[in-house]
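**Student:** Protein sequence lines, in the order shown, are assigned to chains A and B. According to the working numbering, the first sequence is numbered sequentially starting from 4. According to the working numbering, the second sequence is numbered sequentially starting from 680. My questions all concern the structure below.
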Amino acid sequence: MAVTVLGISGSPHRHGNTETLLDRFLEGAHEAGADTDKVVLKALQYSACRGCNSCHKNGECIVADDAIILYDRILDSDCIAVASPIYTMGITAELKGFIDRQQYLWARKFILKTLYFSDDHIRRHKGVFISTAGLGWDNVFDGAFPVMTALFNTTGFEYYDNVIANDMDRYGGIKNHPTALADAYKKGQKVVGVLESFRPA
Amino acid sequence: MPIKVLAFAGSPRRGGNSETLLDWVLAAMAEEPDVVVEKVALTEANINPCHGCNACEKLNKCVQRDGMDIYHDKLVEADVIVLSSPIFCMGLASQVKALVDRMQVFRSRKYVLKLPIVPPERKGKRLGVFLATAGQNWDHVFNAAIPSVKCLFHVIDVRDADISYLMINNVDEKGAILNHPTAKADAERLGRSVISEIRKRLNA
């Protein structure tokens, strides 16, 4: 079975800088032999977490929508590449809305103790954050990292790598960035190689 | 002219910890003379995420027709803007992040179109308050949310130094904040001091 890499695009802007960077990462992964797929959050139907804490009792979300289906797919993937542009120093509301819905998995892990990921499982599951920002500030991604850590931790993925590029406003878009797209392609290849190396020959 | 306070309750859970904290601040503010408080529950405010279309860079307004039609104007009119959010997954609740992202109109107005947000005589006469609660007891649990909050206030002409913060961690289940040793008194003190400061500035 091929390594599975699931790309999740959290940008409301189709085929913009961030989604283009994600596409290159997925192309690299595909070239390295992975089964790749991409889900665009904007095309899904899901609501924000209601904060009702109903899931703390039974580990199930009371809202049945596309978010739950996507979490099932995440849990079935070897690698997830989660992409969002930086808006106002954080990830987009679309991606934050999706990540907030993971509360039922958090409840299974930490309250009900019905979900557990071994160290070996986590090592074999890699999470990658893909992002672009208009601003050139060094700290422009800092608000996003802890949220991505929360997503990868709860879903049993090692936070493996960032594929990030800032200063898009100055470059006039990702296509003018000297290294970002080539780096994304290489990183996509590399993670598949690492995941394949864990498999029995 | 009364002092106008515009407050956003960001939690999807009505009457929970972050909204209780907000209500304490607002009650203390409303007890002062000549203060008009408007509280908006974001979960009922019909505010969609930003489309990232950048049309506001040309139009000086948003192409979306939703709750922000009202709140873009009210954000300009208010003297004090209060934002409350629970921390979900180390960040602002997505409802709050949607509101913050919709400030893009002001960012375009300010930096692309080079137009004023408030008239020059109101500069320095606006205050911001950020209130947050978190279930985790980590000290750093609010850190990732704050840069987004600063963005919101920055583009509506509330200076960094004019933002007050009250953030309470280790309150998770509904009502937990009621047992917090200092939250209520701190909230009431904050509410009174913000009104006193804005009154001083408006009269200056």
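All C-beta atoms in this analysis are idealised placements derived from N, C-alpha and C, irrespective of residue type, glycine included.
What are the residues in the segment 761-781 of chain B lying within 8 Å of chain A by C-beta distance?
**Tutor:** The residues in question are Pro765, Phe767, Cys768, Met769, Gly770, Leu771, Ala772, Ser773, Gln774, Lys776, Ala777, Val779 and Asp780.
**Student:** Would you check if the segment 108-120 of chain A and the segment 165-183 of chain A touch, i.e. whether three or more CB-CB distances between them fall below 8 Å?
**Tutor:** The answer is no - the segment 108-120 of chain A does not touch the segment 165-183 of chain A, with fewer than three Cβ pairs under 8 Å.
**Student:** Do we get a CB-CB distance below 8 Å when we pair tyrosine 188 of chain A with the residues of chain B?
**Tutor:** It does not: the Cβ of tyrosine 188 of chain A has no partner Cβ on chain B nearer than 8 Å.
**Student:** Exposed or buried, what is serine 176 of chain A when buried is set at 16 or more other beta-carbons lying within 10 Å of its beta-carbon?
**Tutor:** The amino acid occupying residue 176 of chain A in the given sequence is glycine; serine does not appear at that position. Exposed, by the Cβ-count rule.
**Student:** Is there a Cβ from chain A that is less than 8 Å from the Cβ of arginine 878 of chain B?
**Tutor:** Cβ-Cβ to chain A under 8 Å: no for arginine 878 of chain B.
**Student:** Return the CA-CA distance between serine 57 of chain A and lysine 789 of chain B, expressed in angstroms with no decimal places.
**Tutor:** The straight-line gap from Cα to Cα measures roughly 43 Å.
**Student:** Entirely within the segment 796-839 of chain B and at least 3 residues each: give me those beta strand (DSSP E) ranges in chain order.
**Tutor:** Segments of the beta strand (DSSP E) lying fully in the segment 796-839 of chain B: 806-812.
**Student:** So, do the segment 792-799 of chain B and the segment 122-139 of chain A have three or more beta carbon pairs nearer to each other than 8 Å?
**Tutor:** Verdict: no, contact absent.
**Student:** Which one of A:Ala35, A:Gly13 and A:Ala67 has the shortest CA to CA distance from valine 43 of chain A?
**Tutor:** Considering only alpha carbons, the answer is A:Gly13.
**Student:** Let me know the beta strand (DSSP E) ranges lying completely inside the segment 29-76 of chain A, each 3 residues or longer, listed in chain order.
**Tutor:** If we require 3 residues or more, the beta strand (DSSP E) runs fully inside the segment 29-76 of chain A come out as 38-43.
**Student:** Among B:Leu701, B:Gly870, B:Val828 and B:Ala811, whose alpha-carbon lies nearest the alpha-carbon of glycine 93 of chain A?
**Tutor:** When only C-alpha atoms are compared, the closest one is B:Val828.
**Student:** Please work out which residues of its chain come closer than 8 Å, Cβ to Cβ, to leucine 705 of chain B, disregarding the five sequence neighbours upstream and downstream, and give them in chain order.
**Tutor:** Correct list, in chain order: Val684, Ala686, Val716, Lys718, Val761 and Gly870.
**Student:** Grab the span of the beta strand (DSSP E) containing lysine 129 of chain A for me, first residue to last.
**Tutor:** Residues 129-135.
**Student:** Just the C-alpha distance for asparagine 179 of chain A and isoleucine 856 of chain B, rounded to the nearest angstrom, thanks.
**Tutor:** Computed Cα separation, rounded: 50 Å.
**Student:** Hey, out of B:Arg781, B:Glu711 and B:Ile749, whose CA is closest to alanine 734 of chain B's CA?
**Tutor:** Residue B:Arg781 is the option with its Cα nearest to alanine 734 of chain B.
**Student:** Per DSSP, cysteine 729 of chain B forms a beta bridge with which residues?
**Tutor:** In the DSSP output, where bridge partners are listed per residue, cysteine 729 of chain B has none listed.
**Student:** Using a Cβ cut-off of 7 Å, pull out every chain A residue sitting near glutamate 695 of chain B, in sequence order please.
**Tutor:** According to the sequence as given, residue 695 of chain B is glycine; it is not glutamate. Simply Gly54.
**Student:** Please confirm whether threonine 21 of chain A and serine 134 of chain A have their CB atoms less than 8 Å apart.
**Tutor:** Cβ atoms of threonine 21 of chain A and serine 134 of chain A: closer than 8 Å.
**Student:** Give me whichever residues DSSP pairs with glycine 93 of chain A in a beta bridge.
**Tutor:** DSSP output for glycine 93 of chain A lists A:Tyr90 as bridge partner(s).
**Student:** In chain order, what residues of the same chain have a beta carbon less than 8 Å from the beta carbon of alanine 5 of chain A, not counting five sequence neighbours either side?
**Tutor:** Cβ within range, chain order: Gly36, Ala37 and Asp38.
**Student:** Count the other CB atoms, across all protein chains shown, that sit within 10 Å of the CB of threonine 699 of chain B; report buried if there are 16 or more and exposed otherwise.
**Tutor:** Buried, since its Cβ has 16 or more Cβ neighbours within 10 Å.
**Student:** Locate the beta strand (DSSP E) running through alanine 688 of chain B, then write down its first and last residues.
**Tutor:** That run of the beta strand (DSSP E) goes 682-688.
**Student:** Flag this pair as yes or no: are the beta carbons of valine 742 of chain B and cysteine 732 of chain B separated by less than 8 Å?
**Tutor:** Cβ atoms of valine 742 of chain B and cysteine 732 of chain B: closer than 8 Å.
**Student:** Is the shortest distance between the beta-carbon of methionine 171 of chain A and the beta-carbons of chain B less than 8 Å?
**Tutor:** Taking Cβ atoms only, chain B never reaches closer than 8 Å to methionine 171 of chain A, which makes this a no.
**Student:** Quick one: is glycine 807 of chain B near chain A, going by C-beta distance under 8 Å?
**Tutor:** Glycine 807 of chain B does not count as touching chain A.
**Student:** Who are the near neighbours of leucine 47 of chain A in its chain, counting only those whose CB is closer than 6 Å to its CB and skipping five residues on each side?
**Tutor:** Correct list, in chain order: Asp69.
**Student:** How long is the line joining the alpha carbons of glycine 803 of chain B and alanine 86 of chain A, rounded to whole angstroms?
**Tutor:** Their Cα atoms are separated by approximately 38 Å.
**Student:** Helix, strand or coil: how does DSSP classify aspartate 164 of chain A here?
**Tutor:** Reduced to three states, the DSSP call for aspartate 164 of chain A is strand.
**Student:** Answer yes or no: does any C-beta atom of chain B fall closer than 8 Å to that of glutamate 97 of chain A?
**Tutor:** Yes, its Cβ sits closer than 8 Å to a Cβ of chain B.
**Student:** Quick check on alanine 819 of chain B: buried or exposed, where buried means 16 or more other Cβ atoms within 10 Å of its Cβ?
**Tutor:** It is histidine, not alanine, that sits at residue 819 of chain B in the sequence shown. So histidine 819 of chain B counts as exposed.
**Student:** Sort A:Arg53, A:Ile72, A:Ile83 and A:Met171 by Cα distance to valine 194 of chain A and report the nearest one.
**Tutor:** Cα-wise, what sits closest to valine 194 of chain A is A:Ile83.
**Student:** Nearest chain B C-beta to leucine 47 of chain A closer than 8 Å, yes or no?
**Tutor:** Answer no: the Cβ-Cβ gap between leucine 47 of chain A and chain B never drops below 8 Å.
**Student:** Where does the unbroken beta strand (DSSP E) through methionine 846 of chain B begin, and where does it stop?
**Tutor:** Counting along the chain, the beta strand (DSSP E) containing methionine 846 of chain B begins and ends at 842-847.
**Student:** Do you know how far the Cα of serine 763 of chain B is from the Cα of valine 66 of chain A?
**Tutor:** The alpha-carbon atoms of valine 66 of chain A and serine 763 of chain B are separated by roughly 24 Å.
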